[in-house]
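Worksheet: one structure, shown below.
Protein chains: 2
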Amino acid sequence: MSRKSSPTPAADPQAAAQPADGPLDASLDELIGYALRRAQLKVFQHLVSRLGAFDLRPAQFTALAIIQQNAGLMQADLARSLAIEPPQAVVLLNKLESRGLAVRVRCKPDKRSYGIFLSKAGETLLKQLREVAAQSDLDATAALSAEERQQLIGLLHKIYR
Amino acid sequence: MSRKSSPTPAADPQAAAQPADGPLDASLDELIGYALRRAQLKVFQHLVSRLGAFDLRPAQFTALAIIQQNAGLMQADLARSLAIEPPQAVVLLNKLESRGLAVRVRCKPDKRSYGIFLSKAGETLLKQLREVAAQSDLDATAALSAEERQQLIGLLHKIYR
DNA sequence: TATTGTTATACTCTATAACTATA
DNA sequence: TATAGTTATAGAGTATAACAATA
Numbered sequence: 048m049s050r051k052s053s054p055t056p057a058a059d060p061q062a063a064a065q066p067a068d069g070p071l072d073a074s075l076d077e078l079i080g081y082a083l084r085r086a087q088l089k090v091f092q093h094l095v096s097r098l099g100a101f102d103l104r105p106a107q108f109t110a111l112a113i114i115q116q117n118a119g120l121m122q123a124d125l126a127r128s129l130a131i132e133p134p135q136a137v138v139l140l141n142k143l144e145s146r147g148l149a150v151r152v153r154c155k156p157d158k159r160s161y162g163i164f165l166s167k168a169g170e171t172l173l174k175q176l177r178e179v180a181a182q183s184d185l186d187a188t189a190a191l192s193a194e195e196r197q198q199l200i201g202l203l204h205k206i207y208r
Numbered sequence: 048m049s050r051k052s053s054p055t056p057a058a059d060p061q062a063a064a065q066p067a068d069g070p071l072d073a074s075l076d077e078l079i080g081y082a083l084r085r086a087q088l089k090v091f092q093h094l095v096s097r098l099g100a101f102d103l104r105p106a107q108f109t110a111l112a113i114i115q116q117n118a119g120l121m122q123a124d125l126a127r128s129l130a131i132e133p134p135q136a137v138v139l140l141n142k143l144e145s146r147g148l149a150v151r152v153r154c155k156p157d158k159r160s161y162g163i164f165l166s167k168a169g170e171t172l173l174k175q176l177r178e179v180a181a182q183s184d185l186d187a188t189a190a191l192s193a194e195e196r197q198q199l200i201g202l203l204h205k206i207y208r
């Protein structure tokens, strides 16, 4: 479909694209959102490939870290903290539990909810994963100095905190 | 499923989650990748809601900007520049063309390919969209000063350029 | 034979509505 | 009735294989 009418082109269709003497997206260079997305994609893909060796996704690593720091939290809290919907937290936790990295423990007072904890294996793995993630961060931002990394983190925190 | 065996929890299951005296994800604070993702999501969602008024997605806005700056480029170039696969470029362009914002013009020398151009309507709309995007950027990063924004853009460009 | 654009397809991610079991 | 967790489902976004027309 859509090979029909041709609205008047604004430029001369005979004019060829200019030779690639620069990035094609230079006119978006001043947008923070665009730069953020490009940089985030690169750093994210780095981490994805590193975590791939453990058959884990970034969200699963993040979940493990949050569970460790907030042992006993409920699924709803985990979902909110990960900025995902409760149904997504279910499948994520199912995966972690089936791999023996985390456990759901029925709450005494309110039998509807669970307390979520890391298993010993989860604790051990998470320690490794933190190193992997830190190294992936360094690799993906190799163009930055240590001070620039701290500067960047500070600026990013200002945006979303 | 997965309500069966319980690997030994690493922490005492009776211990309650600590009161929310801070963000649940503090232990990830030093990861650039994590901060990048959180900030990117916020800025992106801002833009999504602003562009929603035009029934456009961020990728479509980006495509319009790239087409304008590289009038006559081929679909393969557009796909590479957007970091998407050629089949995605097809449906994206179909949408832009059906809305009369861009046109495909058969190439003279190589009849397999098209030159892609903005229509007059596309040019006019893009001018508005640039202002919308710039304002969305400012809104989403209201916590930053003008100098901090420039600093941030510079650091982000270092990462992905 | 290789390349441009296309179709069909599948897999992930994300979001919503509806269900259960407890409260 | 309200809440925690769950199921089912649908919609984006993304990736791959296979095909048509052209080179």
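These protein sequence lines are chains B and V, in that order.
When we follow the numbering used here, the leftmost residue of the first sequence carries the number 48, and every step to the right adds one.
When we follow the numbering used here, the leftmost residue of the second sequence carries the number 48, and every step to the right adds one.
Every residue gets a Cβ at the ideal spot worked out from N, C-alpha and C, and that includes glycine.
*Identify every residue that forms a DSSP beta bridge with Y207 of chain V.*
Locating residue 207 of chain V in the second sequence gives position 160, counting from the first residue. In the DSSP assignment, Y207 of chain V forms no beta bridge with any residue.
*What does F101 of chain V reach in chain B if we use C-beta pairs closer than 8 Å?*
Start at 1 with the first residue of the second sequence, and residue 101 of chain V comes out as number 54. In chain order: nothing, as chain B lies at least about 16 Å away.
*Taking the alpha-carbon positions, what's the R127 of chain V to F164 of chain V distance?*
For the purposes of this step, residue 127 of chain V is taken as the residue at position 80 of the second sequence. For the purposes of this step, residue 164 of chain V is taken as the residue at position 117 of the second sequence. C-alpha separation (whole angstroms): 17 Å.
_So within the region 118-170 of chain B, which uninterrupted beta strand (DSSP E) runs reach at least 3 residues, ignoring any that extend past its ends?_
You should have 149-153, 161-165.
_So that I know if they touch, is there some Cβ in chain V lying closer than 8 Å to that of V90 of chain B?_
Counted from its first residue, the first sequence places residue 90 of chain B at position 43. Taking Cβ atoms only, chain V reaches closer than 8 Å to V90 of chain B, which makes this a yes.
*Residue nearest to F91 of chain B in terms of C-alpha spacing, selected from B:R104, B:S166, B:A100, B:Y81*: Position 44 of the first sequence, counting from 1, holds the residue named residue 91 of chain B. Closest by alpha carbon: B:R104.
*At what residues does the alpha helix (DSSP H) containing A82 of chain B begin and finish?*
One-based indexing of the first sequence puts residue 82 of chain B at position 35. From DSSP, the alpha helix (DSSP H) with A82 of chain B extends over 79-99.
*Cβ-based burial, R151 of chain V [other Cβ within 10 Å; buried from 16]*: On the second sequence, residue 151 of chain V is found 104 positions in, with the first residue counted as 1. R151 of chain V should be labelled buried.
*Would you verify that the beta carbon of E194 of chain V is, or is not, closer than 8 Å to some beta carbon of chain B?*
Here residue 194 of chain V refers to the residue found at position 147 of the second sequence. Not one chain B Cβ lies under 8 Å of E194 of chain V.
*Pick out whichever of B:L139, B:M121, B:A187, B:P134 has its Cα sitting closest to the Cα of R208 of chain V.*
As a working mapping, residue 208 of chain V is identified with position 161 in the second sequence. Answer by Cα proximity: B:A187.
*In chain V, what lies closer than 8 Å to E77 of chain B by C-beta?*
Residue mapping note: residue 77 of chain B aligns to position 30 of the first sequence, counting from 1. Simply A181, I200.
*Applying the criterion that 16 or more other CB atoms from any shown protein chain within 10 Å of the CB defines a buried residue, is A190 of chain V buried or exposed?*
If you number the second sequence from 1, residue 190 of chain V lands on position 143. Label assigned to A190 of chain V: exposed.
*chain V partners of V87 of chain B, CB-CB under 7 Å?*
Position 40 of the first sequence, counted from the start, is the residue given in the question as residue 87 of chain B. For the record, residue 87 of chain B in the displayed sequence is Gln; it is not Val. Those within 7 Å of Q87 of chain B in chain V are L83, R84, Q87.
*Can you name the residues of chain B whose CB is closer than 8 Å to the CB of A112 of chain V?*
Residue mapping note: residue 112 of chain V aligns to position 65 of the second sequence, counting from 1. Those are D72, S74, L75, listed as they occur along chain B.
_CB contact flag (D72 of chain B, I113 of chain V, <8 Å)_ = Position 25 of the first sequence, counted from the first residue, corresponds to residue 72 of chain B. Position 66 of the second sequence, counted from the first residue, corresponds to residue 113 of chain V. Taking 8 Å as the Cβ cut-off, D72 of chain B and I113 of chain V qualify as a contacting pair.
*Tell me whether R97 of chain B is buried or exposed, calling it buried when 16 or more other Cβ atoms sit within 10 Å of its Cβ.*
Position 50 of the first sequence, counted from the first residue, corresponds to residue 97 of chain B. Classification of R97 of chain B: buried, given that the 10 Å Cβ count is 16 or more.
*Excluding the five sequence neighbours on either side, which residues of its own chain have a C-beta within less than 7 Å of the C-beta of R153 of chain B, listed in chain order?*
On the first sequence, residue 153 of chain B is found 106 positions in, with the first residue counted as 1. The answer, listed in chain order, is Y161.
*Got a sec: is the Cβ-Cβ distance from K205 of chain V to anything in chain B below 8 Å?*
Position 158 of the second sequence, counting from 1, holds the residue named residue 205 of chain V. K205 of chain V counts as touching chain B.
*asked:* Within 10 Å of its beta-carbon, does G21 of chain B have 16 or more other beta-carbons around it, so buried, or fewer, so exposed?
replied: This structure cannot speak to residue 21 of chain B, because chain B is shown only from 48 to 208.
*Report yes if the C-beta distance between I79 of chain V and I206 of chain B is below 8 Å; otherwise report no.*
In the second sequence, counting from the first residue as 1, residue 79 of chain V sits at position 32. In the first sequence, counting from the first residue as 1, residue 206 of chain B sits at position 159. Cβ atoms of I79 of chain V and I206 of chain B: not closer than 8 Å.
*Any heavy atom of the ligand SAH within a distance shorter than 7 Å of the CB on Q135 of chain B?*
As for the ligand SAH, it is missing from this structure, which has no ligand bound.
*Just the C-alpha distance for A86 of chain B and L129 of chain V, rounded to the nearest angstrom, thanks.*
For this step, residue 86 of chain B is matched to residue 39 along the first sequence. For this step, residue 129 of chain V is matched to residue 82 along the second sequence. If you take the alpha carbons of A86 of chain B and L129 of chain V, they lie about 14 Å apart.
*Length of the line joining the Cα atoms of Q197 of chain V and F108 of chain V*: By one-based count along the second sequence, residue 197 of chain V stands at place 150. By one-based count along the second sequence, residue 108 of chain V stands at place 61. Rounded to whole angstroms, Q197 of chain V to F108 of chain V spans 22 Å at the Cα level.
*Check distances from the C-beta atoms of the region 128-152 of chain V to those of chain B and list, in chain order, the residues that come in under 9 Å.*
S128, L129, A130, L140, N141, K142, E144, S145, G147, L148, A149, V150, R151, V152
_Rounded C-alpha distance that separates L204 of chain V from G169 of chain B_ = For the purposes of this step, residue 204 of chain V is identified with residue 157 of the second sequence, where counting begins at 1. For the purposes of this step, residue 169 of chain B is identified with residue 122 of the first sequence, where counting begins at 1. Correcting the residue type first, residue 204 of chain V is His in the shown sequence and not Leu. Cα-Cα distance, rounded: 36 Å.
*Enumerate in chain order the residues of its own chain whose CB-to-CB distance from L172 of chain V is below 8 Å, with the five nearest sequence positions on each side excluded.*
Sequence index remark: in the second sequence, residue 172 of chain V carries index 125 (1-based). The answer, listed in chain order, is F101, L111, L148.
*Using a C-beta to C-beta distance shorter than 8 Å, which residues of chain B count as neighbours of Q175 of chain V?*
The count along the second sequence starts at 1 and reaches residue 175 of chain V at position 128. Under the 8 Å cutoff, chain B gives no residues; its nearest Cβ is about 15 Å from Q175 of chain V.
*Compute the Euclidean distance between the alpha carbons of K158 of chain B and E194 of chain V, then round it to the nearest angstrom.*
Within the first sequence, the letter at position 111 stands for residue 158 of chain B. Within the second sequence, the letter at position 147 stands for residue 194 of chain V. Distance between the alpha carbons of K158 of chain B and E194 of chain V is about 53 Å.
*Measure the CB-CB distance between Y81 of chain B and L75 of chain B and report whether it falls below 8 Å.*
The sequence position of residue 81 of chain B within the first sequence is 34, counting from 1. The sequence position of residue 75 of chain B within the first sequence is 28, counting from 1. Result yes, Cβ atoms of Y81 of chain B and L75 of chain B sit closer than 8 Å.
_Can you pull the chain V neighbours of Q107 of chain B, defined as C-beta to C-beta under 8 Å?_
Locating residue 107 of chain B in the first sequence gives position 60, where the first residue counts as 1. Ordered by position in chain V, no residue passes the 8 Å Cβ test against Q107 of chain B, which lies about 13 Å from the chain.
*chain V within 8 Å of M48 of chain B, Cβ atoms only*: Position 1 of the first sequence, counted from the first residue, corresponds to residue 48 of chain B. With a pLDDT of 37 at M48 of chain B, under the threshold of 50, the predicted position of this residue should be treated as unreliable, though the coordinate-derived value follows. Cβ-Cβ to chain V under 8 Å: yes for M48 of chain B.
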